[in-house]
Amino acid sequence: MVSLPHPSVLQGAVSAPCLCCRKGKDQFDNLEKHTQWGIDVLEKYIKFVKERTEIELSYAKQLRNLSKKYQPKKNSKEEEEYRLCWPKFCMLRQDFDRYTSTRAFLATLNEMNDYAGQHEVISENMTSLITAELTRYVQELKQERKSHFHDGRKAQQHIETCWKQLEASKRRFERDCKEADRAQQYFEKMDADINVTKADVEKARQQAQLRHQMAEDSKAEYSSTLQKFNSEQHEHYYTHIPNIFQKIQEMEERRIVRIGESMKTFADVDRQVIPIIGKCLDEITKAAESVDHKNDSQMVIEAFKSGFEPPGDVDFEDFTQPMKRTVSETSLSNSRGDGKSEPKFGSKSKGKLWPFIKKNKGAGPEDFSNLPPEQRRKKLQQKVDELNRDIQKEMDSRDALTKMKDVYIKNPQMGDAASVDHRLAELGQNIEKLRLEVQKFEGWLAEVEGRLPARTEQPRRQSGVYEAQNPSGVNSCAQDRESPDGSYTEEQSQETEMKIPATDFDDEFDDEEPLPTIGTCKALYTFEGQNEGTISVAEGELLYVIEEDKGDGWTRIRRNEDEEGYVPTSYVEVYLDKNAKDVHKPLQKISE
241 MVSLPHPSVL
251 QGAVSAPCLC
261 CRKGKDQFDN
271 LEKHTQWGID
281 VLEKYIKFVK
291 ERTEIELSYA
301 KQLRNLSKKY
311 QPKKNSKEEE
321 EYRLCWPKFC
331 MLRQDFDRYT
341 STRAFLATLN
351 EMNDYAGQHE
361 VISENMTSLI
371 TAELTRYVQE
381 LKQERKSHFH
391 DGRKAQQHIE
401 TCWKQLEASK
411 RRFERDCKEA
421 DRAQQYFEKM
431 DADINVTKAD
441 VEKARQQAQL
451 RHQMAEDSKA
461 EYSSTLQKFN
471 SEQHEHYYTH
481 IPNIFQKIQE
491 MEERRIVRIG
501 ESMKTFADVD
511 RQVIPIIGKC
521 LDEITKAAES
531 VDHKNDSQMV
541 IEAFKSGFEP
551 PGDVDFEDFT
561 QPMKRTVSET
571 SLSNSRGDGK
581 SEPKFGSKSK
591 GKLWPFIKKN
601 KGAGPEDFSN
611 LPPEQRRKKL
621 QQKVDELNRD
631 IQKEMDSRDA
641 LTKMKDVYIK
651 NPQMGDAASV
661 DHRLAELGQN
671 IEKLRLEVQK
681 FEGWLAEVEG
691 RLPARTEQPR
701 RQSGVYEAQN
711 PSGVNSCAQD
721 RESPDGSYTE
731 EQSQETEMKI
741 PATDFDDEFD
751 DEEPLPTIGT
761 CKALYTFEGQ
771 NEGTISVAEG
781 ELLYVIEEDK
791 GDGWTRIRRN
801 EDEEGYVPTS
811 YVEVYLDKNA
821 KDVHKPLQKI
831 SE
């Protein structure tokens, strides 16, 4: 007889592992969802930091544009266009440099540039220390997570395969047991029946024994498979799965630590620039404290004071007396030297009171006579200084070329000495023209400062009686040319010239004896004397020297008794003769 286990026992023996496998699979699903959520949080934080860096860059750019917008203009053409477009907001470089308040504003604009730079630093550091690092870490985290869950799914599939093998072995053992049981029952039935032959009974007995052996084999196989499954299951739940779960836990903890460190770096990046931003604000405060209202007010006074004397009282004009009405010299009216009567205040004449005359909006005259005296003096002085700087530049260029020429003469292989002669001649002519310009502006400057008698010996405003007696005098001409505020009147004629009558003082120069010769000279280059006081010479021409260079770069020469003038010293080679006193001494041949 073969004893077989009850089927319910077999069912209970294999149901518990199935439930454990199902629970393990569910936990893997939950962990997979959670770790994916953690990566999503990390990527969301990366996006947050990236948008913060973009905001910092945009803010810095707006600050720089704001600072640039209110910076003073430098280019002259740009200044003019800016004045036309934005007259209320046009501030030029000289305006900023002149006053303490605008210098403080300029310092504020410069500090705003540095302030913007710190926000750019914040953006750069957050990008390099947080965004780039976390982006790289997320890629590594995804690969690690994929590897762990791949190992988990592989272990889960292996235990499920073992479970399926166990199930198959169990069903086969169950089937063989049932077949053995039926064969045993059939044998017993055949053995009890007297009508059955002995051969049939023996055949039934052999069949029952065969089925019983098959059941025993299935039992042994099932037992072996069950032991193997239990071993694999134990290894699965106590070794493989815990190890995988441990790795997933460590991975998740590293993610949490990393995002915490990034948040700390986020704050540290801001904290690092706070001292520099504070320094920028301190500099703005320092600039604000340097504002000096007294100094700025004095600068305005110095810049716009006119130098005019306040007008005197207006004289009473008695219309009850049958006499010609005149205006005293203390009147505000502009006196004329042409013998015409003065206009009344209510008339439509173009003569106006000088404090209320509008300035000419067009280009002013060369001598700045359209400006008040003090402003005119400043402009003339600036012009003289500018011309002197130009002269110095030209002289420096001439000296450099002269040295270059000397080098070429001593070392012909380095260059042709004659190649610089043309440029030297141009520089000499430029220096001559600039010096004449300086003399002209210095004359006007001396006139304004009162060093010349042209406009200081006589008052600017004369009475009507004096004008009637001197209709063609020098002062009358000057008054016709200018109004009391220095601006041209609307009756001015562009063709009017100041003509000063010849005096006995001029005759003294006509009778003056010519200067004696002090030597001779040879013209090295051709010089076209186009300005007054100069004389033209041709290259190689021999002339007399009557006055040597006194440090201004000019030598006075004479061709004959009637022709003399100045030429640039660098254009002639001078041979002084201290014993030469005869102005008619013949020229001798000068050796080359």
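Every letter in the sequence shown is one number past the one before it in the working numbering, and letter 371, counting from 1, is 611.
We put the beta carbon where it would ideally sit given N, CA and C, even for glycine.
Treat the numbers as computed from the prediction; the structure is a model and nothing was measured.
Distance between residue j and residue i (C-alpha atoms, nearest Å)
{"i": "glutamate 501", "j": "asparagine 305", "result": "35 Å"}
{"i": "alanine 460", "j": "glutamate 419", "result": "16 Å"}
{"i": "serine 307", "j": "phenylalanine 345", "result": "10 Å"}
{"i": "isoleucine 499", "j": "isoleucine 488", "result": "17 Å"}
{"i": "glutamate 781", "j": "tyrosine 806", "result": "15 Å"}
{"i": "aspartate 646", "j": "arginine 663", "result": "15 Å"}
{"i": "phenylalanine 466", "j": "isoleucine 481", "result": "The sequence given here has leucine at residue 466, not phenylalanine. So the alpha carbons of these two residues sit roughly 21 Å apart."}
{"i": "serine 716", "j": "glutamate 801", "result": "For serine 716, the predicted structure reports a pLDDT of 36, less than 50, and the residue's modelled location is therefore unreliable. The matter cannot be settled from this model."}
{"i": "glutamine 842", "j": "histidine 274", "result": "With the chain represented from 241 up to 832, any question about residue 842 goes unanswered, as that position is not in the structure."}
{"i": "tyrosine 478", "j": "alanine 444", "result": "50 Å"}
{"i": "alanine 347", "j": "histidine 533", "result": "17 Å"}
{"i": "glutamine 446", "j": "serine 458", "result": "19 Å"}
{"i": "glycine 791", "j": "valine 814", "result": "15 Å"}
{"i": "serine 409", "j": "aspartate 433", "result": "37 Å"}
{"i": "proline 515", "j": "asparagine 483", "result": "49 Å"}
{"i": "lysine 641", "j": "proline 652", "result": "Sequence check: residue 641 is leucine here, not lysine. In a straight line, the C-alpha of leucine 641 is about 15 Å away from that of proline 652."}
{"i": "serine 609", "j": "phenylalanine 544", "result": "16 Å"}
{"i": "arginine 412", "j": "glutamine 486", "result": "39 Å"}
{"i": "histidine 476", "j": "phenylalanine 268", "result": "14 Å"}
{"i": "valine 497", "j": "tyrosine 377", "result": "12 Å"}
{"i": "glutamine 405", "j": "tyrosine 285", "result": "48 Å"}
{"i": "histidine 452", "j": "tyrosine 462", "result": "15 Å"}
{"i": "glycine 769", "j": "lysine 618", "result": "32 Å"}
{"i": "proline 605", "j": "threonine 560", "result": "44 Å"}
8 Å contact criterion, which residue i and residue j should meet: CB distance rounded
{"i": "threonine 342", "j": "lysine 290", "result": "The pair is not a contact, with the Cβ atoms about 41 Å apart (cut-off 8 Å)."}
{"i": "isoleucine 517", "j": "glutamine 358", "result": "5 Å"}
{"i": "valine 777", "j": "alanine 763", "result": "4 Å"}
{"i": "alanine 455", "j": "phenylalanine 427", "result": "At roughly 14 Å, the Cβ-Cβ gap does not stay under 8 Å, so alanine 455 and phenylalanine 427 are not in contact."}
{"i": "methionine 491", "j": "histidine 390", "result": "Their Cβ separation, rounded to whole angstroms, is 13 Å, which puts methionine 491 and histidine 390 out of contact at 8 Å."}
{"i": "leucine 627", "j": "glutamate 677", "result": "5 Å"}
{"i": "glutamine 629", "j": "leucine 667", "result": "For the sequence presented, residue 629 should be read as arginine rather than glutamine. That pair is no contact at about 15 Å."}
{"i": "valine 509", "j": "leucine 369", "result": "7 Å"}
Close Cβ partners of residue i (< 8 Å) along its chain, the five nearest in sequence each way excluded
{"i": "glutamate 803", "result": "Ile775"}
{"i": "asparagine 353", "result": "Leu303, Arg304 and Ser307"}
{"i": "histidine 398", "result": "Glu472 and His476"}
DSSP bridge partner residues for residue i (one or two, in chain order)
{"i": "glutamate 813", "result": "Lys762"}
{"i": "glycine 805", "result": "Ile797"}
{"i": "valine 777", "result": "Phe767"}
Start-to-end residues for the alpha helix (DSSP H) that takes in residue i
{"i": "glutamate 371", "result": "Checking the displayed sequence, the identity of residue 371 turns out to be threonine instead of glutamate. Looking at the DSSP string, threonine 371 is not in any alpha helix (DSSP H), and its letter there is neither H nor E."}
{"i": "glycine 668", "result": "661 to 689"}
{"i": "valine 647", "result": "613 to 650"}
{"i": "histidine 474", "result": "438 to 475"}
{"i": "valine 509", "result": "481 to 529"}
{"i": "lysine 538", "result": "A small fix is needed here, since residue 538 is glutamine in this sequence, not lysine. 533 to 544 is the extent of the alpha helix (DSSP H) around glutamine 538."}
Unbroken beta strand (DSSP E) run spanning residue i, endpoints
{"i": "isoleucine 786", "result": "782 to 787"}
7 Å CB neighbourhood of residue i in its chain, flanking five on each side removed
{"i": "tyrosine 339", "result": "Asp536 and Met539"}
{"i": "phenylalanine 767", "result": "Ser776, Val777, Val807, Pro808 and Tyr811"}
{"i": "tyrosine 648", "result": "Met654, Gly655, Asp656 and Ala657"}
{"i": "alanine 527", "result": "Ala344, Ala347 and Thr348"}
{"i": "aspartate 607", "result": "Trp684"}
{"i": "glutamate 351", "result": "Cys520, Glu523 and Ile524"}
{"i": "glutamate 283", "result": "Val378"}
Other residues of its chain near residue i: CB distance less than 6 Å, five sequence neighbours each side excluded
{"i": "leucine 755", "result": "Ile786"}
{"i": "phenylalanine 681", "result": "Leu620, Lys623 and Val624"}
{"i": "alanine 356", "result": "Ala300, Leu303 and Arg304"}
{"i": "serine 363", "result": "Thr293, Glu296 and Leu297"}
{"i": "aspartate 817", "result": "Gly759"}
{"i": "glutamate 360", "result": "Ala300"}
{"i": "valine 441", "result": "Met430 and Asp431"}
{"i": "methionine 366", "result": "Val289, Thr293 and Val509"}
{"i": "cysteine 402", "result": "Phe469 and Glu472"}
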